[in-house]
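Report on one structure; see the data block that follows.
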Amino acid sequence: MDPLQILDIAFLGMLLAVAFAIVRINSLFAVVMLTGVYSLLSAAWFVVLDAVDVAFTEAAVGAGISTVLMLGAMLLTAREAKPPKFRQQIGPLFAAIATGALLFYALPDMPAYGSADSPANSYVGAEYLERTSEEIHMPNVVTAVLASYRGYDTLGETVVIFTAGVAVLLLLGASGAGAGGGVSATRKREEDE
Amino acid sequence: MMTWFYLIASVGVLISMALMLSRLIAGPTLYDRTLAVNSFGTKTVLFLTMFCFVIDRPDGVDIALLYALINFIATIAILKFFRYRSLEIALAQMALRKAVGDDQ
Chain A
6 MDPLQILDIA FLGMLLAVAF AIVRINSLFA VVMLTGVYSL LSAAWFVVLD
56 AVDVAFTEAA VGAGISTVLM LGAMLLTARE AKPPKFRQQI GPLFAAIATG
106 ALLFYALPDM PAYGSADSPA NSYVGAEYLE RTSEEIHMPN VVTAVLASYR
156 GYDTLGETVV IFTAGVAVLL LLGASGAGAG GGVSATRKRE EDE
Chain B
52 MMTWFYLIAS VGVLISMALM LSRLIAGPTL YDRTLAVNSF GTKTVLFLTM
102 FCFVIDRPDG VDIALLYALI NFIATIAILK FFRYRSLEIA LAQMALRKAV
152 GDDQ
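For the record, the sequence lines run as chains A and B. Take the working numbering: the final residue in the first sequence is number 198, and no numbers are missing along the way. Take the working numbering: the final residue in the second sequence is number 155, and no numbers are missing along the way.
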């Protein structure tokens, strides 16, 4: 057995344990912590799988920002989740099993891990790998593809995300005077009284 | 030979990560969980640093550095949440307000 497979198995086992804990634990604070740890674990696993760029994104967005956002969301709700009734759990259980079965059904059609004739390695990917170092002078091919070959595409995505962010800020009230500042404003008033 | 040493060491770090995970799941208080998350992040950084030497690409230490920064920011956010029950106002402002409040 390849010694690196030990690491894969260990990471997948820990991910499974964290996922079960997220489903079972009622304390929302613990769940927020566990989702952060889940992201950190999967990011570390992506590094083991040699997908460093994905790991960067996962660590920054999953473990960093979304933990803080979830904590902020928790301020507006309860600290504890009510345990769901058994009858409400049957439908989601079947949906999850059906989705899992579909994914396993699709699994044999995937190219093998690291396969030389997978779509990522055969058509235009090989071209990028050959031409990047002389055309763009960049050591990282993914960066070259995103920022140069597909530069306009990336610019468009950035504009869309920026517009969405501005729209949300306008809706919530960016100055903090609107609904966004409700919680701390209420508490401040209570303290004053 | 050296690679094997790093591999065994990183498996050891993985085991300690699993131990931290059990503390995180078991609880019982919120402070146990905060400490477990922080320690888990530190161990992820350690694991990544060692893994970079296992696969013989030491430039991956940069990623470990990024993880350390993210871990620090997340811990600060969690502790701020505990102390002030709000993420909106800057820490310095809150400390100032508290100091003024204590004087009165």
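C-beta atoms are modelled at their ideal positions from N, C-alpha and C, and glycine is treated no differently.
As assigned by DSSP and simplified to three states, the class of residue i
i	result
residue 120 of chain A	coil
residue 125 of chain B	helix
Pair within 7 Å by beta-carbon distance, residue i and residue j
i	j	result
residue 91 of chain B	residue 42 of chain A	yes
residue 68 of chain A	residue 76 of chain B	no
residue 104 of chain B	residue 135 of chain B	no
residue 36 of chain A	residue 76 of chain A	no
residue 141 of chain A	residue 131 of chain A	no
residue 116 of chain A	residue 127 of chain A	no
residue 100 of chain B	residue 112 of chain B	yes
residue 34 of chain A	residue 81 of chain B	yes
residue 48 of chain A	residue 64 of chain A	yes
residue 151 of chain A	residue 163 of chain A	no
Beta-carbon separation (whole angstroms), residue i vs residue j, contact threshold 8 Å
i	j	result
residue 40 of chain A	residue 27 of chain A	6 Å
Spatially closest choice to residue i from the options, by CA coordinates
i	options	result
residue 124 of chain B	A/79, A/82, A/72	A/72
residue 10 of chain A	A/22, A/50, A/121	A/50
residue 110 of chain B	A/100, A/45, A/145	A/145
residue 97 of chain B	B/78, B/117, B/73, B/129	B/117
residue 24 of chain A	A/12, A/46, A/137	A/46
residue 114 of chain B	A/121, A/86, A/57	A/57
residue 95 of chain B	B/106, B/83, B/72	B/72
residue 130 of chain B	B/78, B/107, B/150, B/86	B/86
residue 102 of chain B	B/148, B/60, B/151	B/60
Residue i Cβ short of 6 Å to the ligand ZN heavy atom set
i	result
residue 66 of chain A	As far as ligands go, the structure on display features none, and thus does not contain the ligand ZN.
Worksheet entry | Residues of the segment 74-99 of chain A whose Cβ lies closer than 7 Å to any Cβ of chain B, in chain order | 76, 77, 80
Item to complete: Select from the segment 56-68 of chain B all residues with a C-beta closer than 9 Å to any C-beta belonging to chain A, and list them in chain order.
Response: 58, 61, 62, 65, 66, 68
Fill in: Residues within the segment 74-92 of chain B neighbouring chain A, beta-carbon criterion of under 9 Å
75, 76, 78, 81, 84, 85, 87, 88, 91, 92
Discussion item. Counting only Cβ-Cβ distances shorter than 9 Å, please list the residues of the segment 33-49 of chain A near chain B, keeping chain order.
Written reply: 34, 35, 37, 38, 39, 41, 42, 45, 46, 48, 49
Worksheet item: Between the segment 137-161 of chain A and chain B, which residues of the former have a C-beta closer than 9 Å to a C-beta of the latter?
Response: none
Worksheet item: At a Cβ cut of 7 Å, what residues of the segment 97-110 of chain B count as close to chain A, listed as they run along the chain?
Response: 98, 99, 102
Worksheet item: Between the segment 114-125 of chain B and chain A, which residues of the former have CB atoms less than 8 Å from a CB of the latter, in chain order?
Response: 114, 117, 118, 121, 122, 124, 125
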